[in-house]
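Residue numbers (this note's numbering): 12 to 721. From the three backbone atoms N, C-alpha and C, an ideal C-beta is built for every residue, glycine too. Keep in mind the model is a prediction, meaning the values are calculated, not measured.
Pasting the structure below:
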């Protein structure tokens, strides 16, 4: 059967999610556990089994990239016809289709791509002096308000309740908000939030529109459900119209966009709101080594608050790898230089530059690393700073390639034609410039050549933006059409360089090697995080960063921001990153003396994961790994401890804690080195109780062992 192929290779939890019956399904999917695989296979399984018509399915996510990935996988699985779109793309499609009916013949307003310009005009109109940065901040506040279903007059109270920190007095922001709405109406434009609201209005206030949309879409899938905001949730409920065939997937521990209005409450409350919901937890991590998974678990294990109620304990599925490294440097400049040096070493050893990422808390940290990588002649690309197809050199290149159609013979092989066309911009394939901005621009144009190579190799694959496999036009003109489609959907090619990105923009991505830098209190968590909820979101940011790494993970911070500056403390969310951390002196020399104030990092003796929690280090294993406790030895240890405590007139835990007894009964030490390896046992207890413990492990009677010691 076709469905057998869809189920092949799924783990038990994924299979449960895929085969769950129609109705509400909540998939709690930890990082790297195959959430996209689970939801695409669920869609394919239901369509191939004849349970649903693919044309009646709407799958929504948050980025065009994720939607394109979903469409690609569904095509490979044979589930053609499923609509996979972002919330905004789905709303825009519906609003445009129904515009003649909703607007009674009036032209649909133009979509405003960016709020900042109009917000700046609105601010000036109400007497608020806002520069470009201030206008962007005001635009962000207005976007939060509209996504949260807050009107201009409601903003001051809502912002205070939400503990917002607006760029101006809340009352002034409300005035700018109102003026912005008025200016939009006069100019005949709408923004993205207006478009979502229009889609909601079209369904809620027009029964004929609601009936047609609900007849078209009967089954819904929502990816990254922890990132839904109130406006998007209202649109989802309008689409559903009281029906319950809804599958949502999310991870509360990756809730990091609350500042935009996103809330995990809908994910958290899903099982309570829909009592009949099937809840599936995906915890098998196929992305990262057990060592990285262990650190991720240790970071999020200390989480508190509502999101922690759905915390998942990941179980690494990959072979063991290197332990995460913690590096401490005198200042940020030394930190950046060391990162650049290590990147160069990784590339020389065979790791592609595009499989390396340097992640930081705020974009302002990027400059230091751009400079260090440029000096080390390591290619890099800054993610999130500017969209690929909006870069000046890419726009110029696309103009040059369109012009080249007239001058380059049509029979010229595609890749050669692209290289010749780019020569008009001054780009030379064999002459990359030295590091820095020029090298970054060269790499961006080189990415177009790589894209042409991939395009030419797969002449029958589905082009971006089209449904179904078709024969590609392998001429330069056909490639230009493909670039235009990609530019429209912001489907950028991969640039061959080390990725520099904020933790927020790294969400949803992964690399072989990840550098988490600037892990100092005041940066992560940021000084702006003051409430318990805000601090927990900072913890989740670190968790997201850790879980981006497949094999190699580096964590570092500078003890000072700059030489001679004020000393800083390490990030509080890594309180036990331990003795394998090293302090790098100026010039990159490693101190021979480890930081004795930090306990040692150890690995699980069962799965190899990093152990950071004290109880886990004592046991020598993860709490989820199977115990090999010798119950007879454990009972004899308890009897011996009670006797010793009574004779010494001390509480039993002073001799050994319960956790230490369990560790002794599991690990059964037979020599001083093995006993000292158990956390909490030092030289004093080795000398005081070591002989008795060794005797008990060897089978001695507990009373005899106690008497011998006394």
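Query, Result
"Validate contact between the stretch 44-57 and the stretch 250-260 using beta carbons, cut 8 angstroms, 3 pairs", "yes"
"Length-filtered (4 minimum) alpha helix (DSSP H) runs lying within the stretch 94-118", "98-113"
"N-terminal and C-terminal residue of the beta strand (DSSP E) that residue 562 is part of", "560-571"
"In chain order, each beta strand (DSSP E) run of at least 3 residues that lies wholly inside the stretch 515-554", "522-527"
"C-alpha distance - residue 340 paired with residue 569, whole-angstrom precision", "5 angstroms"
"Bounding residues of the alpha helix (DSSP H) (the contiguous stretch that carries residue 669)", "669-678"
"Residue 302, buried or exposed, once every other Cβ within 10 Å from all chains shown has been counted against 16", "buried"
"Residues bridged to residue 72 [DSSP beta-bridge criterion]", "97"
"Buried/exposed call for residue 541, threshold 16 Cβ in 10 Å", "exposed"
"Residues that residue 201 bridges to, as DSSP identifies them", "122"
"Segment contact, 8 angstroms Cβ cut-off, at least three pairs: the stretch 53-65 with the stretch 90-99", "yes"
"The beta strand (DSSP E) enclosing residue 341, as first and last residue numbers", "336-342"
"Exposed unless 16 or more other CB atoms sit within 10 angstroms - verdict on residue 368", "buried"
"Chain-order list of residues whose beta-carbon lies under 6 angstroms from that of residue 348 (same chain, five-residue window excluded)", "383"
"Neighbourhood of residue 603 by C-beta, 6 angstroms cutoff - its chain only, sequence neighbours within 5 removed", "Any reading at residue 603 must be qualified, since the residue scores a pLDDT of 40, below 50, and its modelled position is unreliable; the value itself is stated next. So no residue of the chain qualifies."
"Neighbourhood of residue 9 by C-beta, 8 angstroms cutoff - its chain only, sequence neighbours within 5 removed", "Since the displayed the chain opens at 12 and closes at 721, residue 9 lies outside it and no answer follows."
"Min CB distance residue 563 to chain B below 8 angstroms", "You won't find chain B in this structure, because it holds only one protein chain."
"Close beta carbons around residue 374, own chain, < 6 angstroms, minus the five adjacent residues each side", "513"
"Counterpart residues of residue 39 in DSSP-defined beta bridges", "261, 292"
"C-beta contact flag for residue 565 and residue 352 at 8 angstroms", "no"
"Residue 535 to residue 150 span [Cα, whole Å]", "25 angstroms"
"Boundaries (first-last residue) of the beta strand (DSSP E) holding residue 371", "367-371"
"Residue 205 burial status per 10 Å Cβ neighbour count (16 or more: buried)", "buried"
"Stretch pair the stretch 33-43 + the stretch 280-299: three plus CB contacts closer than 8 angstroms", "yes"
"Chain-order list of residues whose beta-carbon lies under 8 angstroms from that of residue 201 (same chain, five-residue window excluded)", "120, 121, 122, 123, 195, 209"
"Of the residues 640, 254, 275, the one placed nearest residue 264, counting alpha carbons only", "275"
"Residue 314 versus residue 629 - alpha carbon distance", "21 angstroms"
"Limits of the beta strand (DSSP E) - the one that residue 233 falls within", "230-233"
"Uninterrupted beta strand (DSSP E) stretches inside the stretch 372-458 (no shorter than 3 residues)", "391-393"
"C-beta contact flag for residue 187 and residue 130 at 8 angstroms", "yes"
"Rounded separation between residue 172 and residue 371 - CA only", "29 angstroms"
"Alpha-carbon spacing of residue 473 relative to residue 400, whole angstroms", "With a pLDDT of 41 at residue 473, under the threshold of 50, the modelled position of this residue cannot be trusted; read the value that follows with caution. The straight-line gap from Cα to Cα measures roughly 21 angstroms."
"Residue from 241, 236, 239, 252 with nearest C-alpha to residue 226", "252"
"Residue 510 - partner residues in DSSP beta bridges", "368, 392"
"Coil, strand or helix - residue 184 by DSSP", "helix"
"Rounded distance between the beta-carbons of residue 560 and residue 524, thought under 8 angstroms", "7 angstroms"
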